[in-house]
Structures are given as C-alpha cells and as structure tokens.
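Engineer: Dropping the structure in here first, questions after.
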Amino acid sequence: MKIKEHQLGLHFLFILTVLVLLFPLVYALSNSFKTLNDAFNNVFSLIPREFTLQNYIHVFTRLDFMRIVGNTFFISTTVTIFKIITSLLAAYSLVFFNFKGKNTLYFILLSTMFIPFTVTMIPNYLTISSWGLGDSLIGVLIPQLADVLGIFLLRQSMRGIPRSLIEYAQLEGASTYNIITGIVIPLIRPNIISTGILFFVNSWNEYVWPVLILKTKSKFTLSLALQMFISSEGGTDFTIAMAVSVMTMIIPITLYLIFQRYILDTFTTSGVK
Amino acid sequence: MKSIQLKNIVKRYGNNTVVSQLNLDFEAGKRTILLGPSGCGKSTILRMIAGLEDISEGDLLMGGERMNDVVPGDRDVAMVFQNYALFPHMTVEENIGYALKIHKVNEKERQDRVSSAIKMLELEGYEKRTPRELSGGQRQRVALARAVVKQSHYFLLDEPLSNLDAQLRVHARKELLNLHETYKQTFIYVTHDQIEAMTLGHNIALLYNGDLQMYGTPVDFYNKPANVFTATFIGSPSANISHVTFRNGRVFIGNQNLVLPEVWQAHLTATGMEEMFIGIHPETVWISDTPTENSLSGLVTTVENYGGRWGIHIDIDNENWIVVMKEDVPVKGSTVYLAPDFKKMHFFHPETELNLGSPFH
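In order, the protein sequences belong to chains A and B.
So for the first sequence, my numbering puts the first residue at 48; every next one is plus one.
So for the second sequence, my numbering puts the first residue at 10; every next one is plus one.
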C-alpha cells in the first residue's frame, strides 16, 4: 500500500500509539524469560541476556496454577453466560413487549449503571457472607449474574430488527422461545459475541470483588495470584509476576484474535442491515 | 373458504380513536380492498384481524367464530407485510418453509409444499439465496410464496406492491389475481392506490379518519360515489366538486348557470334543497372553443400532459375544474365552453356531503 505524503504524519502518530500501547506487553513478555538478576541489571533491554523458563516452572511448582486458571475460567465463563442470557431476555422484553412503565423501568435500570462499585461492594459482601458463601467461587459469581450494560447493548442491537419480522413469526404461531432462538439471536449474533467477550475479559481481570470474597489460595483467581508475587508474599518476585501476567493475558488475547471480526463489526456499525 | 365480519369495531390508542364503530363484511373467497389515504386506519384494521393489535371494542368474527381473544398464531391467517418481513438470515427456501417448520409439518410434505410454492411464484433457481441477494420483485414473490405455502383461509396483504416500481407493479397485480383465482382465499388487501383497488377488488371499503365512507364494487365507486370524499378520492384526476345553487330548474355556478334536464329537475326539487355540491368527473365534460347552448365558459389556466391524455385546468368564475381530453387541446389562456354529461353528474348534500342520488341509475 502506498502512503500519501499528507498521511505520513498521521501514520507516525498511529505507529507511536501502537508502540506505547504494546510496550508493557512486550516488556512483560521479555522479563518473564529473564532471571531476576538480569531483570534488575538489564532493565531496558527487551532481549533476555540468559533465556530461562525458571519463572514459569516456579509458578507451576509453588502454586496449583492450573487450578487457579480453572477457577478464573469457571467464574468468567459462568458470569458471561448468565449475563448474556439475562441481558437477552431483559432486552427482548424491553424492545418487543408492551407493558405499562416500560420506559420508566428501563430508565431505572440504566441509572444503576452509574452507581459506583464501591457503593454496592459492602452491602454485597455482607449479603454474601450472611448466606454463608464467603470464601467461595459461588459467592464471587452471584452478584454478577446480570449486567445493565448488556441489557443496554443488546437492546440497542435488537431495536435494529424490524418489528414486522417478529410479528410475522407470531402470526405463524412461533413461541417467544422460538423467536428468540430462531430469529433474534441469529440476527444479532455479532453483538452477542462481542458483548460476551467484553463480559468475559472484565470478569477475567476483576480484582477487588474476588479479593474481598476469596481467602483460601486454592480458590484464588489469576489476578489474585498475580498480586501474591508483587506484594508481601515472598517479597517482590518481579520476573515471576511477569510470567503470571503473561499467562493471564493469553486467554483474553486469544479470544480477541478469534472474534475480532465481530468486535470490530459491533463497534463500527450498529443494528441489522 | 370462510368470511370475516367486523361488528361495531372500535380501536383506541389512549384517548385517540383510530377506528370508530366499524361494521364490515369480508365475503368468503372474495377480494375486498381496504382503501384510504395514509392514517385512515386501514392497516390498523388489517392488524386487528391478524391479531397484531388488540380490539378495543366490538366483535371480530372469522368463519362465524368470535376471534377477539385468539392469539395471532391460532387465527389461521397468511399475511404479506409491506416490507415483506423476510428473515435476512434464512434462504428463500427456509423463509418459505418457516411456517411449516413451526407447525411441525413433516419433512416430506414440507418440501413438497415449499417447492410447489416456489414453482407457482417462479422462484426456481433462487432457493438457496438470501433475501439480500434478490431484487425487489423477487422479494415480494418470496413474501407471497410464504403466504401461499400456509394454505390458510385468509389472505391479508398490507400494501404489498408499494415498494415496487410502476412497471413491476402492473405485473405483480396480475400475479396476485392469478394466485387468488387458484386458491380463492378470503382476500383482504390494504392500499392507498385507487388503481390497485379498482383492478383487484371485488369489493372496496373506502375509509377516512377511521370511518367507513363507502362500501361497494369498483363500478359503483365510479358511477355512484356515496359522498364527496369518495368522489374526490376515486378517479385520476378526481371529480370536480363545486358549491352550486339549484333554482328554477337551473344550477348556478359563480355567475353562470346550466339548465338541468327535466329528470334532474324533478329529482332535485323533490329533495327540497337549494344549496348543494355538484360532482363531475373530468372525463365527462365536452369542451369547445365556441359558445354552445347550455354551457359554462372558463379560462384555461394550465395544460398538463398525462401522456396520451391531457388535463386542462379551467377557471370558471373562480371555481377550479379539471377536464381530461385526448385531442383538440386548447391552449393556455384561451376561453373554452364546457358542456357536462348530465347523465354522469352527481349532487351532494351541503352538510352531510352524501350523494343525493341520480335519476339515471
């Protein structure tokens, strides 16, 4: 591709932005293969002086690492599935059902999006503990089974579906279940996938809520494990922390690479064409 | 086939009454057209029959049974939407077979019915395409095939031709007629286009502001318009309506008058009225450029070319009339003399605007 002269400045800016954004990732990757000495004496070099897998091995020997990955995966997947299901149902009724107070209800739902997490954190914690779910994965899950953001995003995309499609299906005797699974979901699939990825990554990276609930190491999620190597626990094992970081990144990045087409679609266009 | 009856049907949205006290019979196996300008309630009526809108008051009878509270899926209606409502993620075949799949018709029969509908509507070769890959006319045929395949008693069409261009529309109209001649469902067709209404309908119901203006055959609509609105809605251009005074056997228009034939004189005298509206179709007036006996004089203000026909706008003492003619077209600015065909004129009540009847039919 030929770059026109007047675009040169723009391209320079893009490249700079990409470098700035990529730097921490590459930095983490390179340091995860360095020895601790190397990392401290050779701060700015991106290529390890002596390449080592010791950091990764260390993570796997000192912790039941696969279990932590499993915990994180379990929480993120469950949260994502539930959020998508609840958002789909809520969005469908907000778009295609007529009932009194529909708009008021939607307004109230939306306004909860602006309540900071810190406000609901303590009441949620107290509720979960009083149910005896403290220090359990289920306890982490429960307050996260629905999300207004998902209702908002899916409602927007469903509004792009012509009402006559739904009416036609009703005329043919299709049940609401048939309509949602046979018509709505296929039509807004890209939006559902990208919303799902958003939920998955958010849940994957979540730190404050799991840290409040989880106490036992075997129940930790990746972001809590990462913290172990940076703070008090065994001093600052910088290179090990980087190895954990790299492994924490892998799944969301892979997901993004697989589904990037849908994600771009959703954020650059809207509705059903 | 079964008939549909509306008995005192009312539709309200909040305080807004869209349809008031409507009584209509849709004869079994006949094509009835719901005609009217946009916002007259015709689509709402169709949607109430389909069950897509609730009925505020009155009874909807389908095949003699009250259906007000029956869900759309159980009313056995096939409907064609204005935008066709084809599923963009399904192929032509899947779209046509959707209803059968929902009704769990077995695979074999489903395929038979779908392929005969595809054949009927000349969609062979397009089975695997999605609606996006079809032209407007093809999409419309898929929508029809989808309705045909259902083999239901009632066929509801909501302005199905309005998204087609003029040439295609003529062809599609013929296709619709063939389709109905084959299956003879009770056919209800919503349109704002009088040509479609006249060419397709056994019966026409003309609506305005949620009120039935006239119900009758296309021929009646032209020859015996029930009221001023009907006369102005039907015909292209529509009938000329002027306020006139009837006195001493003459009708006075502006400063001029016409002597009415004796049968009209007797008929109008019997009504006991002096003030009334006259209605004259543009095709029923003779124009000449020399004064003739018993004619009105007027000034030609505009001449429009309709292609093979001309529309002459004439100012008769500040009344604006349109006369349609095929040859010997007067020029703009000239004075012409108009002699209407007395057999084809109408008189309307000054307040109720109802047709006062004619001694000729």
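Don't be surprised by glycine CBs; every beta carbon is placed ideally from N, CA and C.
(1) With a threshold of 8 Å, are at least 3 pairs of Cβ atoms found where one atom belongs to the segment 132 to 139 of chain A and the other to the segment 222 to 242 of chain A?
(2) Report the residue ranges of all beta strand (DSSP E) runs contained in full by the segment 227 to 304 of chain B; include only those spanning at least 3 residues, in chain order.
(3) Hey, does G281(A) have any beta-carbon neighbour from chain B nearer than 9 Å?
(4) Considering only the beta carbon of each residue, do I289(B) and F357(B) sit closer than 9 Å?
(5) Below 6 Å CB to CB, which residues in the same chain sit around G318(A) once its five sequence neighbours on both sides are set aside?
(6) Hey, is V86(B)'s beta-carbon within less than 9 Å of any beta-carbon in chain A?
(7) Of all the alpha helix (DSSP H) runs that stay within the bounds of the segment 237 to 290 of chain A, which reach a length of 4 or more residues?
(8) Using DSSP bridges, identify the partner residues of P349(B).
(9) Closer than 8 Å is the cut-off here; do at least three beta carbon pairs connect the segment 58 to 65 of chain B with the segment 18 to 25 of chain B?
(10) Does L61(B) have its Cβ less than 9 Å from a Cβ in chain A?
(11) Between the C-alpha atoms of G281(A) and I198(A), what's the straight-line distance to the nearest angstrom?
(12) Using the Cβ count rule (16 or more neighbours within 10 Å means buried), how would you classify G307(B)?
(13) Compute the beta-carbon to beta-carbon distance between V332(B) and P291(B), rounded to the nearest angstrom, for a pair I have assumed lies under 8 Å.
(14) Which one of R182(B), T191(B), A248(B) has the shortest CA to CA distance from M10(B)?
(15) Any contact between the segment 106 to 115 of chain B and the segment 152 to 167 of chain B? By contact I mean 3 or more CB pairs, one from each, below 8 Å.
(16) So which residues on chain B does I230(A) lean against when the C-beta distance must stay under 7 Å?
(17) Decide if T7(B) is buried, meaning its Cβ has at least 16 other Cβ atoms within 10 Å, or exposed.
(18) Are F255(B) and M285(B) close, meaning C-beta to C-beta below 9 Å?
(19) Between the segment 284 to 299 of chain A and the segment 65 to 81 of chain A, do at least 3 Cβ pairs fall closer than 8 Å?
(20) What's the gap between the Cα of I62(A) and the Cα of Q147(B)?
(21) Check whether the Cβ atoms of L170(B) and R178(B) sit closer than 9 Å, and answer yes or no.
(22) Count the other C-beta atoms from every protein chain shown that fall within 10 angstroms of the C-beta of Q307(A), then say buried if there are 16 or more, exposed otherwise.
(23) Buried or exposed, going by whether 16 or more other CB atoms sit within 10 Å of the CB of F154(A)?
(24) Which class does D85(B) belong to by DSSP, given the choice of helix, strand or coil?
(25) Within 9 Å of any Cβ in chain A, is that where the Cβ of P81(B) sits?
(26) Assuming V157(B) is part of the beta strand (DSSP E), what are its boundary residues?
(27) By the 7 Å beta-carbon criterion, what residues does the segment 204 to 228 of chain A contribute toward chain B?
(28) Measuring CB to CB, does R138(B) end up less than 9 Å from V101(B)?
(29) Counting only beta-carbon atoms, is L234(A) nearer than 9 Å to chain B?
(30) Check the Cβ-Cβ distances between K11(B) and every residue of chain A, and say whether any is below 9 Å.
(31) Give the interface partners of Y346(B) over in chain A, defined as CB-CB distance under 8 Å, in chain order.
(32) If you drop the 5 nearest sequence neighbours on each side, which residues of the same chain put their C-beta closer than 7 Å to that of D229(B)?
(33) Could you pull out every residue in the same chain whose Cβ sits closer than 7 Å to the Cβ of V80(B), ignoring the five residues on either side in sequence?
(34) Measuring CB to CB, does Y163(B) end up less than 9 Å from M71(B)?
(35) Give me the Cβ distance between M354(B) and I296(B), rounded to the nearest whole Å; I'm assuming they're in contact under 8 Å.
(36) Using only the alpha-carbon positions, how far apart do N218(B) and Y303(A) sit?
Structural biologist: So, from the listed chains and residues:
(1) In this structure the segment 132 to 139 of chain A lies against the segment 222 to 242 of chain A, because at least three pairs of beta carbons, one per stretch, are closer than 8 Å.
(2) 249 to 256, 259 to 262, 265 to 268, 284 to 289, 294 to 297
(3) Unreliable positioning characterises G281(A) in this predicted model, as indicated by a pLDDT of 49, which lies under 50. The coordinate reading is nonetheless provided below. Not closer than 9 Å to any Cβ of chain B, the Cβ of G281(A) fails to qualify, so no.
(4) no
(5) With a pLDDT of 43 at G318(A), under the threshold of 50, the modelled position of that residue is not reliable, and the figure given next carries that caveat. Correct list, in chain order: G207.
(6) yes
(7) Qualifying alpha helix (DSSP H) stretches, in chain order: 255 to 260, 269 to 277.
(8) V294(B)
(9) yes
(10) yes
(11) Confidence at G281(A) is low in this model, with a pLDDT of 49, below 50, so the placement of that residue is unreliable and no value is reported for it.
(12) buried
(13) 5 Å
(14) The shortest C-alpha separation from M10(B) is found at T191(B).
(15) yes
(16) F96
(17) Here chain B covers residues 10 to 370 and nothing more, so residue 7(B) does not appear.
(18) Contact: yes.
(19) yes
(20) If I take the Cα positions, the gap works out to 49 Å.
(21) yes
(22) A residue is called buried when at least 16 other Cβ atoms come within 10 angstroms of its Cβ; Q307(A) does not meet this threshold and is exposed.
(23) exposed
(24) coil
(25) yes
(26) No beta strand (DSSP E) holds V157(B); the alpha helix (DSSP H) holding it covers 145 to 157.
(27) P209, S211, L212, E214, Y215, Q217, L218, E219, G220, A221, N225
(28) yes
(29) yes
(30) no
(31) Neighbours of Y346(B) on chain A: none; closest Cβ ~54 Å, over 8 Å.
(32) none
(33) G60
(34) yes
(35) Not a contact, Cβ separation roughly 16 Å.
(36) Their backbone Cα atoms lie some 56 Å apart in a straight line.
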